[in-house]
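Protein chains: 4
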Amino acid sequence: MARKKISDLRRTELIEAVIDATHEHSFAALTVAQIAEFAQTSTGSIHYYFGGKDALLAATMRHLLDRLKVVTIERLVKATTPRERLDAIVLANFDDAFFSKKSCSVWVQFWAMAPYSEPLARLQVLNQSRVRSNLLHALKQIVPANQASQCCTAIQTYMDGIWLRSCQTGIAVDAGKSQQDAMTFLDRLLV
Amino acid sequence: MARKKISDLRRTELIEAVIDATHEHSFAALTVAQIAEFAQTSTGSIHYYFGGKDALLAATMRHLLDRLKVVTIERLVKATTPRERLDAIVLANFDDAFFSKKSCSVWVQFWAMAPYSEPLARLQVLNQSRVRSNLLHALKQIVPANQASQCCTAIQTYMDGIWLRSCQTGIAVDAGKSQQDAMTFLDRLLV
Amino acid sequence: MARKKISDLRRTELIEAVIDATHEHSFAALTVAQIAEFAQTSTGSIHYYFGGKDALLAATMRHLLDRLKVVTIERLVKATTPRERLDAIVLANFDDAFFSKKSCSVWVQFWAMAPYSEPLARLQVLNQSRVRSNLLHALKQIVPANQASQCCTAIQTYMDGIWLRSCQTGIAVDAGKSQQDAMTFLDRLLV
Amino acid sequence: MARKKISDLRRTELIEAVIDATHEHSFAALTVAQIAEFAQTSTGSIHYYFGGKDALLAATMRHLLDRLKVVTIERLVKATTPRERLDAIVLANFDDAFFSKKSCSVWVQFWAMAPYSEPLARLQVLNQSRVRSNLLHALKQIVPANQASQCCTAIQTYMDGIWLRSCQTGIAVDAGKSQQDAMTFLDRLLV
DNA sequence: TATGAATGAGGATTCATTCAT
DNA sequence: AATGAATGAATCCTCATTCAT
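Chains as they are written, first to last, in the working numbering: chain A, 1028 to 1218; chain B, 1028 to 1218; chain C, 1028 to 1218; chain D, 1028 to 1218.
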């Protein structure tokens, strides 16, 4: 198990480097050599740990998606009312534990590539479904049954839109502010 | 003038080819030769008319943004009340004259690249500002002054989110349905 | 004949443009389009008059070689003694009617290409032989028969060297000065 | 250090290939792939070791210039009288350790390109100055002070001319013969 | 004659990937 | 485990040449 840890640590370090590098130069424009430099390793190591550039992005996204999952669960277990559960899910998406300009950059590039990559598409669908499932569970106790689905989509769309806009030039990313905005949005949307 | 027309026609043909090709393979994965094949021309012509692959994407986006502008204006001139104006702007964004899976694919890739390309970033800001300006003008007559800005952002974010989601695998794109959803969303948001 | 003149004028204009352009950018780096711009014409015209880029350089060299021939003859007819004839030939090579930095640039590039081009090699040999023949004719009356050939080669080598050095960066080209130097050189060489 | 050696060996091998290939096809007409073939490597390696085609020519010339420098020094240390020193410098230029048709071919193409390339121009000036400095040092003790400079230029011009002529079609290159000719030339020139 | 749009073969360069050490 | 030298397929772009007008 101690053995395993070394390898996992290395992978995590490399993934952090991918996030930094991708934010700065875009994943497509990045060479494996550049990523290796960010991570202070060699191209050989990148291939040793991940198998290739494509797999590297997939691994990075799995990492980010896991973080979202963890933060969501942490917040959900503390919530008691349906509305609290709804807020928990939405706030998790903008939790400063991982909502940052860097993550947004990677996320949007992932989105742009997903339609052209089976493994990425799978990840995208997985996350989308998980979030939707969580949201719907809470929403059904808040809005009339026939409005839950549409309402859920509106919320997901809003959240995706925030991620999308956050990575653009000249946009300052502030987790706290985004959480407030999201709460105001929910208040407006749910009467 | 006949000369100019021919050259413009050629440019438009090439841009249509870019949209088709990008939707199918993603812009980054696309080779100039492939685009040329879609357009039934040579790689030389692409460079002759646009100067390079990057400039080609910029030209394509300018084309799409122009279409949005035209459709928006067409709808705006027919609107009389503030709410009608608001609806006009939002409906224009999902007008089937250009809201299609293909456009969404290009749009999202444009978004992913904009932070790393001066010319694309400029286009992105230009469009974002134009839409915001239109929306705010109408919103200020609908909601209290202190809510207009936040409300505007929510609407833009929602629209961006729709574009983003529309290009994903397994999502069917239906302009009419998207327009209806958007109207329902506005109703909910503006009480 | 008037007809012919128009075409000849055009060819001469184009050749002058080639010389200017080659001096500024080197013939290899030059595109036909650039040459056309120097000549204020189109690429089509270049091909119409010369048939291609390679033929253009050959035509240009033929032009320069003709100029040398003409200047040499003009000076030779005025010479009476063997030494005067020798001087005439050498002075012709540095006559400011065509000895200039521009000509030297073209000449040296011609030299560099000649070993790899049949037509250029022929021109090179032709000129070399013509000059040698003229020189030898005079030299044989000046130095002992068994020294004429070696002496001739030395003179030709010196003249070629001057051309070569004249095109280099930082070297000022002055026809009068080069003529003086050449005369001093001959004096030294021929006792 | 073993590492360094291997890499240096690789570089030298590549440079030898450039000389062979350039002599056969001219540097401009040569493709990187062809050079790679001469060197029995890949195009990738060429770029890995030199960074590009231009840098490759510069490296090759630096190599040739170094050879000249080394041969010159070897001969100079053995010379005692001024005239012996003068001869040493001139003989070095035609030493069969590197005076060959191949070297001449490369040299002349270098000369033709130098006026259009900063790095090549620097090399050209460097070598020209070094040879001049060596020659002048010896000449000042042989000819009157006011004649040294002009005499030096005549010698350099002669040597450059020999290089230039040696690469032409139909000229046989013989180091020994060129050395003899040069000695005869010096004898004639220096009374 | 003159033009310049269109072509596409050809070349320099990049970069993911491999593998010997 | 880690490295980075070596590879060569793949791609963008250039440019001589053609040809319809």
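Beta carbons are placed, not taken as given, at the ideal position from N, Cα and C, and that holds for glycine.
Contact belief for residue i with residue j at Cβ below 8 Å, rounded distance in angstroms
i                      : j                      : result
residue 1196 (chain B) : residue 1142 (chain A) : 5 Å
residue 1045 (chain B) : residue 1062 (chain B) : 6 Å
residue 1136 (chain D) : residue 1139 (chain C) : 5 Å
residue 1066 (chain B) : residue 1098 (chain B) : Wrong, their Cβ atoms sit about 25 Å apart, outside the cutoff.
residue 1128 (chain A) : residue 1194 (chain A) : 7 Å
residue 1091 (chain D) : residue 1144 (chain D) : So it is not a contact: roughly 16 Å between Cβ atoms.
residue 1060 (chain D) : residue 1070 (chain D) : 5 Å
Cβ neighbours of residue i in the same chain (closer than 7 Å, five flanking residues each side left out)
i                      : result
residue 1030 (chain B) : Annotation note: pLDDT 43 at residue 1030 (chain B) (below 50); position unreliable, no value reported.
residue 1191 (chain A) : 1135
residue 1212 (chain D) : 1185
residue 1159 (chain C) : 1179 and 1183
residue 1217 (chain A) : 1169 and 1170
residue 1198 (chain D) : 1192
residue 1054 (chain C) : 1084 and 1136
residue 1074 (chain D) : none
residue 1200 (chain C) : 1127, 1128, 1131 and 1193
Contact set between residue i and chain C, taken where Cβ atoms lie within less than 7 Å
i                      : result
residue 1148 (chain D) : 1196
residue 1075 (chain D) : What residue 1075 (chain D) touches in chain C: nothing, since even the nearest Cβ is about 25 Å away.
residue 1151 (chain D) : 1195
residue 1184 (chain D) : 1185, 1188, 1189 and 1192
C-beta atoms of residue i and residue j nearer than 8 Å
i                      : j                      : result
residue 1205 (chain A) : residue 1077 (chain A) : no
residue 1169 (chain D) : residue 1215 (chain D) : no
residue 1113 (chain C) : residue 1165 (chain C) : yes
residue 1036 (chain C) : residue 1085 (chain C) : no
residue 1126 (chain D) : residue 1202 (chain D) : yes
residue 1115 (chain D) : residue 1102 (chain D) : yes
residue 1133 (chain C) : residue 1052 (chain C) : no
residue 1088 (chain D) : residue 1153 (chain D) : no
residue 1172 (chain C) : residue 1163 (chain C) : no
Cβ-based burial, residue i [other Cβ within 10 Å; buried from 16]
i                      : result
residue 1187 (chain C) : buried
residue 1189 (chain C) : buried
residue 1181 (chain C) : buried
residue 1041 (chain D) : buried
residue 1104 (chain A) : exposed
residue 1161 (chain D) : buried
residue 1124 (chain A) : exposed
Amino acids of chain B, ordered along the chain, whose beta-carbon sits closer than 9 Å to that of residue i
i                      : result
residue 1079 (chain A) : Ordered by position in chain B, no residue passes the 9 Å Cβ test against residue 1079 (chain A), which lies about 15 Å from the chain.
residue 1216 (chain A) : 1181, 1212, 1215 and 1216
Within chain C, the residues that residue i reaches when beta carbons sit closer than 8 Å
i                      : result
residue 1210 (chain D) : Under the 8 Å cutoff, chain C gives no residues; its nearest Cβ is about 11 Å from residue 1210 (chain D).
Contacts of residue i in chain C (Cβ-Cβ under 9 Å)
i                      : result
residue 1084 (chain D) : Per Cβ cutoff of 9 Å: no residues; residue 1084 (chain D) is ~12 Å from chain C at best.
residue 1172 (chain D) : In chain order: nothing, as chain C lies at least about 16 Å away.
Interface residues of chain A facing residue i [CB-CB closer than 9 Å]
i                      : result
residue 1206 (chain B) : Neighbours of residue 1206 (chain B) on chain A: none; closest Cβ ~14 Å, over 9 Å.
Listed by chain order, chain A residues near residue i by CB distance under 7 Å
i                      : result
residue 1187 (chain B) : 1188, 1191 and 1192
residue 1142 (chain B) : 1132, 1194, 1195 and 1196
6 Å Cβ shell around residue i - same chain, five flanking residues per side excluded
i                      : result
residue 1028 (chain A) : Confidence at residue 1028 (chain A) is low in this model, with a pLDDT of 38, below 50, so the placement of that residue is unreliable and no value is reported for it.
residue 1038 (chain C) : 1076
residue 1117 (chain D) : 1209
residue 1106 (chain D) : 1112 and 1115
Contact list for residue i against chain B, beta-carbon separation under 7 Å
i                      : result
residue 1135 (chain A) : 1138 and 1139
residue 1160 (chain A) : The contacting residues do not exist; residue 1160 (chain A) stays about 16 Å from chain B at best.
Residues near residue i in its chain [Cβ-Cβ closer than 8 Å; skip 5 each side]
i                      : result
residue 1047 (chain B) : 1065 and 1129
residue 1157 (chain B) : 1096
Contact list for residue i against chain B, beta-carbon separation under 8 Å
i                      : result
residue 1156 (chain A) : What residue 1156 (chain A) touches in chain B: nothing, since even the nearest Cβ is about 11 Å away.
residue 1177 (chain A) : 1208 and 1211
Chain A contact residues for residue i, given Cβ-Cβ distances below 8 Å
i                      : result
residue 1053 (chain B) : 1139, 1140, 1142 and 1143
residue 1056 (chain B) : 1143
Residue i Cβ short of 7 Å to the ligand SAM heavy atom set
i                      : result
residue 1095 (chain D) : The model depicted lacks the ligand SAM and carries no ligand whatsoever.
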